[in-house]
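Report on the following structure.
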Amino acid sequence: MIQPVKNPSTGINNTFVAPAAKNAPVYNLAGQQVGASYKGVVIKNGKKYVQK
Numbered sequence: 049m050i051q052p053v054k055n056p057s058t059g060i061n062n063t064f065v066a067p068a069a070k071n072a073p074v075y076n077l078a079g080q081q082v083g084a085s086y087k088g089v090v091i092k093n094g095k096k097y098v099q100k
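Encoded structure:
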């Protein structure tokens, strides 16, 4: 027998997205922090980029 839900979930009302830092640290694929002039695949603000 299935029982009905008396108090349904209301869901997520508000969300907040923090602005990305302009001078965030840069990491290589090994997780090591590298300088801004590092060549290769880097991770900045959680996204992967290729710096040439």
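Counting with this note's numbering, you get residues 49 to 100 for the letters of the sequence shown.
Note that beta-carbon positions come from the ideal geometry of N, C-alpha and C, so glycine has one too.
Fair warning: this is a prediction, and the values are worked out from it, not measured in the lab.
DSSP state of residue i mapped onto helix, strand, coil
i	result
G88	strand
K54	coil
Q80	coil
Whole-angstrom distance between residue j and residue i, CA atom to CA atom
i	j	result
K87	I60	41 Å
T63	Q80	31 Å
A66	P52	38 Å
Run of the beta strand (DSSP E) containing residue i, from where it starts to where it stops
i	result
V98	K95 to Q99
V74	V74 to N76
Residues near residue i by beta carbon distance below 6 Å, same chain, minus five either side
i	result
V82	V74 and N76
Y97	V90
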